[in-house]
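Have a look at the structure below before the remarks.
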Amino acid sequence: MLCPEVDDSWKNCTSCKCPREAHDVCHDEWVSVRARLGLKGDESRDPVGGFDPRDAGLAWAPPGLPLHKVEEYFSMLPELSVPRLGTAGERHRDRQLATQLPKQDLARAYCRHLDPQHSVSADDFMAARNEIALDIGSVQEVFEKGVECGACSEPLKYASLAVSASKLGLLYHPTCFRCSQCEELLVDLAYCVHDDALYCERHYAEQLKPRCAACDELIFSGEYTKAMNKDWHSGHFCCWQCDESLTGQRYVLRDEHPYCIKCYESVFANGCEECHKIIGIDSKDLSYKDKHWHEACFLCNKCRVSLVDKQFGSKVDKIYCGNCYDAQFASRCDGCGEIFRAGTKKMEYKTRQWHEKCFCCVVCKNAIGTKSFIPREQEIYCAGCYEDKFATRCVKCNKIITSGGVTYKNEPWHRDCFTCSHCNQSLAGQRFTSRDEKPYCADCFGELFAKRCTACTKPITGIGGTRFISFEDRHWHNDCFICAGCKTSLVGRGFITDAEDIICPECAKQKLS
């Protein structure tokens, strides 16, 4: 029997709308394909093989084969197609029986929607099918060489098992014995023949008669509905939600299912953000950020002008025309104080923003654009103007010092400009001194301005803590202040002048004696 939610009159479950064959099918009795087809005979015990398939743990087995050949046959099939009791294979067989051999195709007693005036047509169809098309295949060993498969045309191995279709007089590999349309293995080897091709009964019948997409029964009436590329009994083309007939009515497709207008609008239509009413299928649905409006309700929240095909802005879940949005919410330029219109290019730096034309140097007024700039005390300067106004300049050449400058007496110099005032040698990193506010290297300062030693005539520079001695208008290095006679140092001692020389007291005594 079927799942309790499946109405046997309809193709789909009334609860989940799934096809009947998609539900697990359960039953207590053993299902015989011959009984399902209405053929005489009992399959409960194999008359040739001499065993009951159920005793071997199988829901079905090819008749006429001993058990070891049955196992050989099933070893050639996919695991899902082996109907062992209590397995997925058994459930797959049950579903294939319901799908490939629909009861309503096999006996008028199972037809729920067959009009009495078309009963004869149904009986004639079933009788003709049973007579000329319907049969059950058999499994046999191949004892002829060179026999080809009726489907793939590949040779059948000698002494291998093959399926025989007597209606066509052909043999098939077990995995090739399939319906030409759905390409499923033919359940329990039941097949129909049409135009020299194999079909399951379902698809055989559909070659000759239309099938109702709602109740899954064949249509024997000449008058029926065609919609969505499917066939329907008159009155069976119904709303997927409420099951009301859609024949002659407007409907809407959603996820490949038809809905009447009322159900579609109640289930799928959006609510208007303004009036809170449903936006029906005859109304234009305007949407923005997961919100929806009727065309007539798509208005500025402040001035109520229509925003259809116009620029607008949103703020706190409300929509505004461009003018109202700008007046209330638009940010303003830190240069001119005017708002930024929609589409206007905006230049930003930290917390400030400008129109492109307003983002300019405070000195030269030239637009900065994407060029480098320097901010100073809330003002923006281009690189050139900033350097002209604030950059450090060399006191000698008056040019900007970009790097590596030297400071002397709190004044900046380029390293190359900080030179000796006499010889122009660079003083950077060198010993130097100054005279009259001008720097001189040690050598030039000594040559030009230093006192000269009376003894050696070299300049006494005083650089580096040099000690010297002065007497009257004469000067000596400490090392040069020695007795002219004995050459003894006179530093810290008494001495006597002798014309241009200085002598120690001892030498003076010797000179006077």
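For the sequence shown, UniProt numbering gives the first residue as 1, with consecutive numbering after it. Note that the Cβ used here is the ideal one computed from N, Cα and C, for glycine as well. Predicted model only: the values in this text are computed from it and were never measured.
Can you give, in chain order, each stretch of the beta strand (DSSP E) that sits fully within the stretch 190-274 and has at least 3 residues?
190-194, 197-199, 225-227, 230-232, 251-254, 257-260
Starting from H475, trace the beta strand (DSSP E) in both directions and tell me its first and last residue.
It spans 474-477 - the beta strand (DSSP E) in which H475 sits, taken as one unbroken run.
Using CA atoms only, rank isn't needed, just tell me which of E201, R202, W232, V193 is closest to C212.
W232
Once DSSP output is grouped into helix, strand and coil, what is the label at H276?
coil
Within the same chain, show all residues whose beta-carbon is closer than 6 Å to that of C192, passing over the 5 residues directly before and after it, in chain order.
A133, L134, Y199, E201, Y204
C26 by DSSP, collapsed to three states: which one?
Unreliable positioning characterises C26 in this predicted model, as indicated by a pLDDT of 45, which lies under 50. The coordinate reading is nonetheless provided below. The answer is coil: DSSP assigns C26 none of H, G, I, E or B.
How big is the Cα-Cα spacing for I339 and R352?
About 13 Å.
Hey, would you say C507 sits closer than 8 Å to G485, going by beta carbons?
yes
Could you have a look at F432 and say whether DSSP puts it in helix, strand or coil?
In the structure shown, the three-state DSSP call for F432 is strand.
When we look at the beta-carbon of P66 and count the other beta-carbons within 10 Å, is it buried (16 or more) or exposed?
exposed
Out of I261, T461, L253, point me to the one whose CA is closest to R450's CA.
A small fix is needed here, since residue 450 is Ala in this sequence, not Arg. Nearest C-alpha to A450: T461.
Quick check on S75: does DSSP put it in helix, strand or coil?
DSSP, reduced to helix, strand and coil, places S75 within a helical segment of the structure shown.
Could you spell out the range, first to last residue, of the alpha helix (DSSP H) harbouring H294?
Run containing H294: none in the alpha helix (DSSP H); it sits in the beta strand (DSSP E), 291-294.
Go ahead and pull the three-state DSSP assignment for R45.
Any reading at R45 is ruled out, since the residue's pLDDT is 48, under 50, leaving its predicted position unreliable.
Touching by the beta-carbon criterion (3+ pairs, under 8 Å), the stretch 141-157 and the stretch 221-237:
no
Look at C215 and R112 and say whether their C-beta atoms are less than 8 Å apart.
yes
Pick out whichever of C336, I261, H292 has its Cα sitting closest to the Cα of C275.
Cα-wise, what sits closest to C275 is H292.
Please name the residue, chosen from D123, V362, C176, K487, that lies closest to K389 on a Cα-to-Cα basis.
V362
Alpha carbon to alpha carbon, how far is S166 from V139?
11 Å
Along the chain, where does the beta strand (DSSP E) containing C441 start, and where does it finish?
Per DSSP, C441 belongs to the beta strand (DSSP E) from 438-441.
Between which two residues does the beta strand (DSSP E) carrying I401 extend?
Element bounds for I401: n/a, residue is neither H nor E.
Going by Cα to Cα distance, which pick from E377, H414, C385 is closest to G395?
Per the sequence shown, residue 395 should be read as Val rather than Gly. Nearest C-alpha to V395: H414.
Report all residues from its chain with a CB closer than 7 Å to the CB of K357; omit the five preceding and five following residues, and keep chain order.
A367
Beta-carbon contacts of P459 that lie in its chain and below 6 Å, excluding the five residues immediately before and after:
G446, A450, R452
Work out the CA separation of V82 and F74 for me, nearest whole Å.
When rounded, the distance between both Cα atoms is 6 Å.
Mind checking whether E72 and L186 have CB atoms under 8 Å apart?
The Cβ atoms of E72 and L186 lie no closer than 8 Å to each other.
Which residue comes first and which comes last in the alpha helix (DSSP H) that contains I132?
119-132
Considering only the beta carbon of each residue, do C420 and C444 sit closer than 8 Å?
It is a contact, given that the beta carbons lie within the stated cut-off.
Considering only their Cβ atoms, is the gap separating H118 from S221 smaller than 8 Å?
yes
For R341 and D309, I'd like the C-alpha separation in whole angstroms.
18 Å
Over the uninterrupted alpha helix (DSSP H) stretch that includes I113, give me the two end residues.
The amino acid at residue 113 is misidentified as Ile; the sequence shows His. Run containing H113: none; DSSP gives neither H nor E here.
Under a three-way DSSP split, which group does F373 fall into?
strand
Residues near Y110 in its chain [Cβ-Cβ closer than 7 Å; skip 5 each side]
K103, Q104
For Q425, which of helix, strand or coil comes out of DSSP?
coil
Three-state secondary structure (DSSP) of G313:
In this structure, DSSP gives G313 an extended state, which the three-state scheme calls strand.
G322 to Y381, Cα distance in whole Å?
34 Å
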